Each structure stands twice: as C-alpha cells, then as structure tokens.
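Below: one structure, written as structure tokens.
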Amino acid sequence: MPSVVSSSALLRAEALKKSYSRGDQTVEALKGVDLSIAPGQFVSIMGPSGSGKSTLLHLMGGLDRPTSGKVILNGEAIERLNDRELSLFRRRKLGFIFQFFNLLPTLSALENVALPLLLDGKPMSEIEGRAKELLSTMGMEKRIQHKPDQLSGGEMQRVAIARALMSDPLLILADEPTGNLDSKTGEAVLTLLSDLVKKTGKTVVMVTHDPNAASFGDRQIRVRDGLIESDTGAASHA
Amino acid sequence: MRNLFQYVGLRHLKLKPGRVLLTTLGVAFGIALYVAIAIINQSTRNSMRENIEAISGKAKLTVSAGPAGFNESKLEIVRTVDGVKSAVPMVEARAFFEGATESNQGLYVLGVDLLQEAAVRTYQATDQKVIDDPLTFLNQPDSIVLTQTLAKQKGLKIDSKIKLSTALGLKTFTVRGLLKPEGAAKAYGGSLAIMDIDGARMMFGKENKLDRIDVVPRDGVKTDELQQRIKLALGSGFNVESPDTQSAQTEKMLASYQIVLTFFSTLALLVGLFLVMNSISVAVAERKREIGTLRALGATRGSMVLLFVSEIFGIGLCGSLLGCLLGRGLAEKLVTQVTTSIAAQFQTRISVTHLEFTTHEIVFVVVMGTLASMAAALVPALKAAKVHPLESMKQHAETLSKEDESRSRTMILLGFILLAFMTVSLVRGWGRLWIGLDFVTKASSVVGSAFFGPFLVFILIYACRALTRRFREPVLKLSQENLIRSRKRTTSNVMALMVGLFLVTLIATVRSSFHDTLMGWLDRVFVSDLMVASSGRMITADVQPMKEELQNELEKIPGVRPIGPDRGMATRVVPIFYHGKKMVLKAYDHFADFYDYRMFGVIHGDQAETSKKILDSLEPRMLVTPNFLERQHQAVGDTVELDTPSGQIPFKIVGEVIDYGSAEGVFYLNRAVYKKYFHDPMVTAFFVNKAPGYTLEQVRSAIDARLGRQWNLVTISNAEFKGQMQQAIERTFAYTKAIQLIALLVGLLGLLNTLLISVMERTREIGMLRAVGTTRSQISRMVMTEAVLQGIFGATVAVLLGAYVGHFFVLYGLTTNLGWIIEFHFPKEAIFSTLIAGVTVAVLAGLLPARRAANLNITEALDYE
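What follows is the structure in structure tokens.
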C-alpha cells in the first residue's frame, strides 16, 4: 500500500528501489516505495527480517544509494549528491542511532557525543558545553569521562542518542535502537526518544522488528517484501 | 582533520604501543641499512677524490704511462710545451713494513723534487720546517719524511729507523721529518711518505725513471687545449689527465660495485616499508567498523585517507631518525669490510678516514623516510576510504566478499606480471638502458613475489589438506580450514613472512653463486703448490714488485721443482687504462710443461691450444675476459690498440678467458711480450712447485731461509691462498648478513602483527569453540598450527621465489652491474637454514597470539562485537 507523498514533508521518498547482487542472483530489497514524513513525527518502520525496512532507513539516511527513485530531504535530492556532499549532509543534517551503539572505544562519553562537530573541525572548547548539556539531558552527567567499555548497554545508547542530537539535526534515524538491550532498558530508551520528539519537535524514524517498540511511534509503517504494506498512526500523512 | 587525528588516530597509537614500536623498528632497520651503505658509498667516493686532489695539489694535468713509468727525458719535453708554467716530476712506489701481510701495513712513497715541489704541493711540518737539515736529507738517500699519523701508529719519531720492503729487497730508512695531516699528507689516510726523488729512485730501483709529471698551466691557458698539446708532444703511450677526469674514472669504477650494495640496501628499505603497509592494512581491517561509523557520521573519504597516513607520520619520522642513528653506527662497523672488498676487486687502495653524514643529508633522509612511510601507508589508507558507511552495521566481515575476491585475483595477476617483467628485463638487459629501469626491475622482484607468493602458498595448503584428509587430528583439520576460509587474513600473514624470507634467500643465492663461482675458478686455474711474493696482500696482488732475477735464486733452492730451460715461474699483474677505463693486465711466463696449460680459465675453445696462442708466441696477442668484449664491442679475432711506453701497439685478441680481476676487463699477455712493449721487467709473484720427495713445509722453509729475510718474501701454499680468498669473499658479503638479519626481523614483526589481529578478529569464533568444548590447549595448538603451516608454506614459497629471482639476477643482473660471468649455484645449505628460520619465526610470532587465544574468556568472547 503506497503512502501519500506530501510536498510539505521533511522527507520524501519517490518510487524508491534498491537491488543487490548476491552471487548469481539479484535481490530486490525495495521494489518501489513512496513515502513522506512530516516534521515532528516519531515514525516506526516495522517488518520481518528481509522485508527491506533497514534498506529503506539506509537510503533515507544517505548511507546507501538507491538503484532508482528519489530521496528528498528538506527539499534536497540527496541521491544526486556526490560522496563528499553526502558525508557533509549526514554530518550536519542527520543523527544516527545504531543497534550496536557504535561508540568509538578510544573516546570518552563526552568525546563520543562531540564527535559530529569535531568532524566539522570545531575545537572541543567550543562544543563541550553543548555535549555536556546533552549528556545531562540523558541523565549521564556523572559518566561523561567514562569510556564505552565502562558503560552499560543502556548508558551507551543514551550517549549515542546524545551524539545523534549534537549537530541539531533535521532528522534522527534509529536502526533497531533497542535490539541489544533488555526490555526494561529498551523501554527507557524508547521513552527518551518519544519525549525528545514531544519536547523538541525533532523528527525520528526508527526501524524495529519489535511491535512493542514500534508502538512508541505515533506512526507505524509496515514493510513487507520491499513494499509498504500499511501506514497507520495519528499523523500518517504530512 | 586535526580533531580526527587528535581524538581518533593518536588514541589508537597510544592504545597499541607494542605495534607502534614494532612498526617504528621495521622502518628504522630498513633506513639504517640504506643509510649505512649510502654513507659508505659516499665516503668512499669522497675519500678517493680527496686522495686524487691531495696528490694533484695545484696541478691541472698529470702525465703518466703505466706501472713501469717512463724515461725522465720526457720531463723536458713537457716543460717546453707552450702554456706550461711548471712541470714537476715524481716517482711513486708502494712499500711495506717488514713482515706485512695486509694492505694496511703498507704505505705510498712519493719521491719528489724538493726544489720544485712547492709549485704543486705544500706540506706542513709538525715543527717549524718540514726538513730541518736539507743538506743531510739530500745527501742521505735513505732519508724519509713520514706523516704524523703514520708515525704515531708505528711509534716512530725523528731519527727513527724503519725497514721497508722495496723492489730491491728490505731497506732501512731514517725518519728525518714529520708532516701534519694537511695538503698532500692527507692522502691515503696518512699512509704516505716523502723522499727526495733521487733517493727514491735509488732505493726503489727506478733509476732514470719517472712515474708522473704534474703540470701547472700558465694563467689564461685553457686546460683542455694544453692537454692536447702535451699529448701531441709526447706521442702515444702516455695518459694526460686532469684530476677531475681521474676522479670521474674512479667514480665510474666504483659505481658498478656500489650499485650492487645499494640494491641490497634498497631491498632492505623496501622490506621495512612493506612492514608499514602491512601494519596499516592490519589497522584498517581491525577498525573497519569504526571507519564505517565515522563515515556514517559524516567523515569524508579524504579524511579517512589522511587519518591513516597521519598515523604513520610520527612512526615514519621516529623510525627515520632512529634509522639515521643506527645507520651511522652500522656504517662504522661495516666500512672496513666493504672498502676491503672494493679494494680487492679494483686493485686499488681505499682508506676511508672519516664517514661523512652531514646535517643536510640527515634532514634529507628523515624527510624522504617519513614521506616514503606515508606513501607506503597510502595503499591501505585508500582501502580505508572505500569502507562503506554500512560497515558500521555489520558485526563481522570474515568471509571474502566478491569485491575482495576480484581484488585478490588482480593482485595475483599483477604479481605474475611483475615477475614476468623482471625476468624479461634481466634477460634482455633493459637495466643497462637506464638506471631507473634497473631499479624498477629489482623492485618488481620484491613486489611481484609478495603479490604472487600467497597464491602458491594456497596451492600448498590445498595440497596439504588433500594429503592429510585421512588424518583424524581435529586441530590440524580446523587449522587448515581456517587458513583456507580466511583467505585475506592468510594472505596478509604469509606476505609479511614471505617478503623477509624472500630477501634472505635471494641474498643467500647471490652469495653462494659468487662464492662457488670464484672458488671453482680458483680451483681450476691456481695449480701450483706455492706462490712467492714480497710483502703485501697476495690475494689482491697488492704486493711489492720483485726483480725477475729472483727466479734464478728460487730455482737453486733444494726442493723447488725444476721448470726446464726457457721456462718461467713469474707473473706480473698491473692496472692498465683502455679508453679511460681501468682494467687489469696479467703477464705470464711460459710455464713448465707440468702445468699442462691449466693456468688459464679458457672458454669457447680448447684449453691448451688457446693458451699456446699467447704463451708460444712473441707476437702482440692477448686473451681477454668476456666483459671486455661485451663492453668494448669487440670479438675474438679483433685487434685493439694498447697505449704502451713503446707507443700504441695493436694486440690481437686470440681467445676468451675467465678472470674476476676487473669489472671492465682483464688482459692475459705473454710476459716476454709485456716486457718488450711495456719495458717493465718486474714480477708480482712466482709460482713454485715442490719436487718429488719434498714436503711443502720443507720447500717453504728453504725459501724463507735463503731469500725470505733479504727480500721480505712471503710464501703461501695453494690451500692457504684459497683459504685467504675464501675469507675475502666471506668478508665481502659479511654486510649482507646484516641485511638478512634485518629482513628476518621485519618478517617476524610483520607476522606477529598480523597473527595478533587474526586472533582478535576471531574472538567470537574462538569463544564459540570453547563453548562447545574445545580446550584451551586445543585452541592454543590450533593457532600455533596455523602459524607453523603458514611458516612452512610461506618459507617454502619464499625459498622457491628467492631462488628463481636469484637465478636470473645472478646470470643476467650481475653481468650488467659487475661485468662478470657468475654461475648460478643453488645454495642448498642456506635453503635448509632459511626454511628452519621461517618456521622458527612463525613459531615465535605465534606464541603470543596462541596464548591470547587460549586465555580468552568464553562469555566475553561470545559477547564480542
């Protein structure tokens, strides 16, 4: 079932297709997806393994390029950007939260949060205030100098969320953010994300296979066999 | 970028101090050897140039005419040439201290005209005047002035008596002055003495002769025009050269030898840089997930390249600095060995008094070493740039992706092409066209072997798996499967070890080929029981020449086998210039029948018949070595004109002979013919055989008793001569042992690096194995077995490739560089020791990773991401 594409959307996907080669076979991960996401939404993308949900997220985040179709983010067709422009776009306009946290093991929590702006060449003295503030918001003010191997799974994911917010992104993309956490910690993280959307108006797109996690979103998109199967929720249309 | 280096790069370097140290040492060792050889080469060239300039002084031209000198009447002819301001005569002689058996126990004696000498050369005395009492000095022909350096070495002072062997036997001299090591007294490392020209002539048997005339032109006169006028006035048979030309000739002479030295040291440097590349490759593999994360967060490809290259900057800088320091020290240790072997090959005295390594050169080496290290890091850094942001999502990347497979095939193909190029280039002699091509050919051997070798290793692993299929040992099976499954990892491991062992084998091949060829030649041609010469270094013919009449005395000694009427025992070995190139001339008597014409290593013809062509004839004929024919574009049957004191004489080339006396060419003449045209009756050595019923010792003692003391003779047996030659060859290649050790160390460091990473990458897999019941001991044995298998197969392939490359380098490359025909001899003993070394290195490198693997905590390992 196609989702309606609105022109005032923060993000628009138009006829998005993605194919991979696996040995001698070609796998069509996405077979033509149309989608739009309004600002301030918390969107959950659900689907079984191999449905194409992660591929959709990757394309929306500019982590991969579509075989055909368009991804328009804040009016910019990101599939047309070259690699360098795409890198800068991800750095300045997007925030990522990964299933396995993906914190750099040699950096402290504070430095991990500051990383996107450090990549932009900003001196630490200029940005550490903001990083500390974000960590405080996540309840991590007492752990700012700790390295990832000194933090629990839930703490690491909080640091990752803080990092995702560091560059004040247009969009936050979360790939199975609770996949590596116990249910209690996972719920706490999802609550954080939900509160983030409500309080700051940030837009979050989350991929999950867990229906309980998906229910935290105010819009649920179900993907199956490379196509959108259903799109429900309070603000399903932008 | 600064932030990336500070917060990511630097942190990783601090986290792995061991690896940083290993990589730095790898760079340092490679740079050290390169620097050491470069210092020695440069210092040798400078030393020889300084010698020439010190002796030449203010002279712009020097007149000479071969080892026997020329008649003093030529001095007046030169003086009358238009444009000559001063023409200063000199006789030169080589003298040895009593009992000397080595070149460094000799000195150069310059017989000078004290009244005219100041026009060309100046000397500084230690006291107020060089000679306190000129009248006594001139009246006493035994008067000699030594350098302060030499006097100090020998514990001599003014009025000391010294005994020196001369062509007329042992003579006593009186020291009447000491010179400061300045001006001409600096030459030959201070192993110099000055005499009045007439005294020198008398003491050294050079009556009415001169060895050189130094010419100072009038102001405004062009040197090259004056050179032509002097040549015209003197006629053929004379060399008229400027000091610059002499220096240039000397440098050319050294160049071919130094190229071989530089080749080996460059290989060592390449191996060190390979370690850098290997180290960064390992770091990229280790940090793939992190790179993916950085890319996902917005780091550009360019910044990834800069990150890894900048991590190497510090290592390259420190390694280069350390390498400079080590290299300077290594140069001190190796200089004597290297210069001795150069001197042996080129029949010339080299005394490097100081090793030069200027600040400017240090800066240059450090900058180039750092840049080279960063360039070596570039290839894996570019790989890092290609890591996709989606790598951040993956847990493991052990299996070979399609891209990796195709890259692996490309590398194998490239390796094959490079080896093929190296083969064709050596066979066709492309290296002779341009020195850059020569370097590329040699670099291709290393890189080609590194890329193609792993393919051969996999063939061996598959073969081993097939052969051991019936074995029940699970650790062996698991190890083999691991090696096959993780092709990229196995390739990295094997490459690290192989490059070092390849170099070890290549050097062993070249060394054994050299040794066996030279000793085989010597066995063939040195057939007399004894050799008799005056003091000096016999194996390089750097000895005091003797009067030929000594043969009569030798023949009278009981136990000396009679040689028959009209036969001789003598040989004369002298340097000779042909078209500006220094060659060696060997003049032989018509030896006794019992030699059966075996004295010459004739090729392409019957031994006896070819030898007779010069020994049975008084025509100007000669045998020449193949390098002369090739370099001078001549053939057997051609006639070449040699400059002699009798003028330019056409000599017919009547055959080819093997001799390793010179890289440019060796001439064999009948000594009677030599005497006729070169006016030199002196003898370098006598070949003596013992008569039946006598022992060698009896004959030697008899010679010593009757003639030894008076003439300062040294009698050496066939076996002793060959033993000395063997030692000289070993000393020549002693420095290559340093290179082999460095190559082995680099191989060890490289393999240790990659094996540690292997274990780290397989943490989860090892955890799983432990969880299902594999014991710690089995895990440890599995890792060790993998290391040993890689060691055995890597070493085997390294040996095969090293022998293959060595074969072509020996048969073709050495001919290009040294002008010698060296036979390829497979170094069986060295191969065995290389295999042992390879396995040992693999075992040593495997110990720590095996221990780490065995000690992994199961739950932590399974949790590992």
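Chains as they are written, first to last, in our numbering: chain A, 96 to 333; chain B, 3 to 867. For each residue, glycine too, the CB sits at the ideal point set by N, CA and C. Only a predicted model underlies this, so the values are computations on that prediction, with no experimental measurement involved.
Using the C-alpha atoms, what's the distance from residue j back to residue i?
{"i": "VAL576(B)", "j": "ASP591(B)", "result": "15 Å"}
{"i": "LEU277(B)", "j": "LEU327(B)", "result": "20 Å"}
{"i": "LEU339(A)", "j": "ILE282(B)", "result": "Nothing can be reported for residue 339(A), as the shown portion of chain A is limited to 96 through 333."}
{"i": "ASP645(B)", "j": "LYS584(B)", "result": "13 Å"}
{"i": "LYS18(B)", "j": "GLU292(B)", "result": "16 Å"}
{"i": "VAL716(B)", "j": "LEU166(B)", "result": "14 Å"}
{"i": "ASN241(B)", "j": "ALA535(B)", "result": "29 Å"}
{"i": "VAL675(B)", "j": "LYS614(B)", "result": "14 Å"}
{"i": "ILE323(A)", "j": "ARG297(B)", "result": "29 Å"}
{"i": "HIS14(B)", "j": "VAL284(B)", "result": "13 Å"}
{"i": "THR149(B)", "j": "ASP161(B)", "result": "14 Å"}
{"i": "SER869(B)", "j": "LEU421(B)", "result": "Here chain B comprises residues numbered 3 to 867, so residue 869(B) is not present and cannot be evaluated."}
{"i": "LYS242(A)", "j": "ASN207(A)", "result": "9 Å"}
{"i": "ASP198(B)", "j": "GLY710(B)", "result": "28 Å"}
{"i": "VAL668(B)", "j": "PHE630(B)", "result": "7 Å"}
{"i": "ASP661(B)", "j": "GLN248(B)", "result": "25 Å"}
{"i": "ALA379(B)", "j": "ARG185(A)", "result": "28 Å"}
Any beta-carbon of chain B closer than 8 Å to the one on residue i?
{"i": "ALA330(A)", "result": "Since pLDDT at ALA330(A) reaches only 47, below the 50 mark, its modelled position is unreliable, and the value read off the structure follows with that caveat. Not closer than 8 Å to any Cβ of chain B, the Cβ of ALA330(A) fails to qualify, so no."}
{"i": "GLY216(A)", "result": "yes"}
{"i": "SER182(A)", "result": "yes"}
{"i": "GLU67(A)", "result": "Any property of residue 67(A) remains undetermined from this structure, which presents chain A solely from 96 to 333."}
{"i": "MET303(A)", "result": "At residue 303(A) the sequence reads Thr, which differs from the Met that was named. With 8 Å as the cut-off, THR303(A) does not count as an interface residue toward chain B."}
{"i": "ASP320(A)", "result": "no"}
{"i": "ASN307(A)", "result": "no"}
{"i": "ASP326(A)", "result": "no"}
{"i": "ASP119(A)", "result": "no"}
{"i": "ASN169(A)", "result": "no"}
For a cutoff of 8 Å on Cβ pairs, would you count residue i as touching chain A?
{"i": "SER394(B)", "result": "yes"}
{"i": "ARG869(B)", "result": "What the structure shows of chain B is the stretch from 3 to 867, and residue 869(B) is not part of that stretch, so it cannot be assessed."}
{"i": "VAL10(B)", "result": "yes"}
{"i": "HIS398(B)", "result": "Residue placement at HIS398(B) is poorly supported in this model, since its pLDDT is 47, which falls under 50; the coordinates still yield a value, given next. False, the Cβ-Cβ gap to chain A never drops below 8 Å."}
{"i": "GLY300(B)", "result": "yes"}
{"i": "THR295(B)", "result": "yes"}
{"i": "GLU292(B)", "result": "yes"}
{"i": "PRO391(B)", "result": "yes"}
Kindly identify the DSSP beta-bridge partner or partners of residue i.
{"i": "ALA269(A)", "result": "ILE192(A) and MET301(A)"}
{"i": "ASP645(B)", "result": "GLN650(B)"}
{"i": "MET279(B)", "result": "For MET279(B), which the question treats as bridged, DSSP gives no partner whatsoever."}
{"i": "ASP326(A)", "result": "ILE316(A)"}
{"i": "VAL576(B)", "result": "LEU587(B)"}
{"i": "ASP198(B)", "result": "VAL114(B)"}
{"i": "ASP216(B)", "result": "THR64(B) and VAL90(B)"}
{"i": "ALA548(B)", "result": "Residue 548(B) is actually Met in this sequence, not Ala. Looking at the DSSP assignment, MET548(B) forms a beta bridge with VAL685(B)."}
{"i": "PHE669(B)", "result": "LEU587(B) and VAL626(B)"}
May I have a chain-ordered list of the beta strand (DSSP E) segments no shorter than 3 residues that lie completely inside the segment 21-108 of chain B?
For the beta strand (DSSP E) assignment, the uninterrupted runs of no fewer than 3 residues enclosed by the segment 21-108 of chain B are, from N- to C-terminal side, 63-66 and 86-99.
Would you check if the segment 297-311 of chain A and the segment 134-142 of chain A touch, i.e. whether three or more CB-CB distances between them fall below 8 Å?
yes
Hey, is the segment 487-505 of chain B in contact with the segment 733-753 of chain B, meaning 3+ C-beta pairs nearer than 8 Å?
yes
Minimum length 3: unbroken beta strand (DSSP E) runs contained in the segment 157-185 of chain B:
Correct list: 163-168 and 171-181.
Stretch-stretch touch, CB-based, cutoff 8 Å, three pairs: the segment 112-122 of chain B with the segment 196-203 of chain B:
Per the Cβ contact rule, the segment 112-122 of chain B is in contact with the segment 196-203 of chain B (3 or more Cβ pairs under 8 Å).
Decide if the segment 558-569 of chain B is in contact with the segment 734-746 of chain B; the criterion is three or more beta carbon pairs, one per stretch, under 8 Å apart.
Too few Cβ pairs lie closer than 8 Å, so no.
Would the segment 22-29 of chain B and the segment 309-323 of chain B be scored as touching if the rule is three or more Cβ pairs under 8 Å?
yes
Does the contact criterion of 3 or more C-beta pairs under 8 Å hold for the segment 623-634 of chain B versus the segment 657-676 of chain B?
yes
Quick check: the segment 704-712 of chain B against the segment 85-95 of chain B, are at least 3 beta-carbon pairs closer than 8 Å?
no
Unbroken stretches of the alpha helix (DSSP H), 4 residues or longer, contained in the segment 165-191 of chain A
178-188
Determine, using beta-carbon pairs with one atom in the segment 259-279 of chain A and one in the segment 181-198 of chain A, whether at least three such pairs fall under 8 Å.
yes
Cβ contact check for the segment 141-157 of chain B and the segment 178-193 of chain B: 3 or more pairs under 8 Å
yes
For the structure I just gave you, are there three or more beta carbon pairs, one from the segment 269-286 of chain A and one from the segment 216-227 of chain A, closer than 8 Å?
no
Sequence ranges, alpha helix (DSSP H) only - wholly within the segment 282-318 of chain B, length at least 4:
290-298
Taking 8 Å as the threshold, find out whether the segment 819-829 of chain B comes into contact with the segment 512-521 of chain B through three or more Cβ pairs.
When C-beta atoms of the segment 819-829 of chain B are compared with those of the segment 512-521 of chain B, three or more pairs fall below 8 Å, so the two segments count as touching.
What are the uninterrupted segments assigned as alpha helix (DSSP H) that are 4 or more residues long and contained completely in the segment 416-485 of chain B, given in chain order?
437-469
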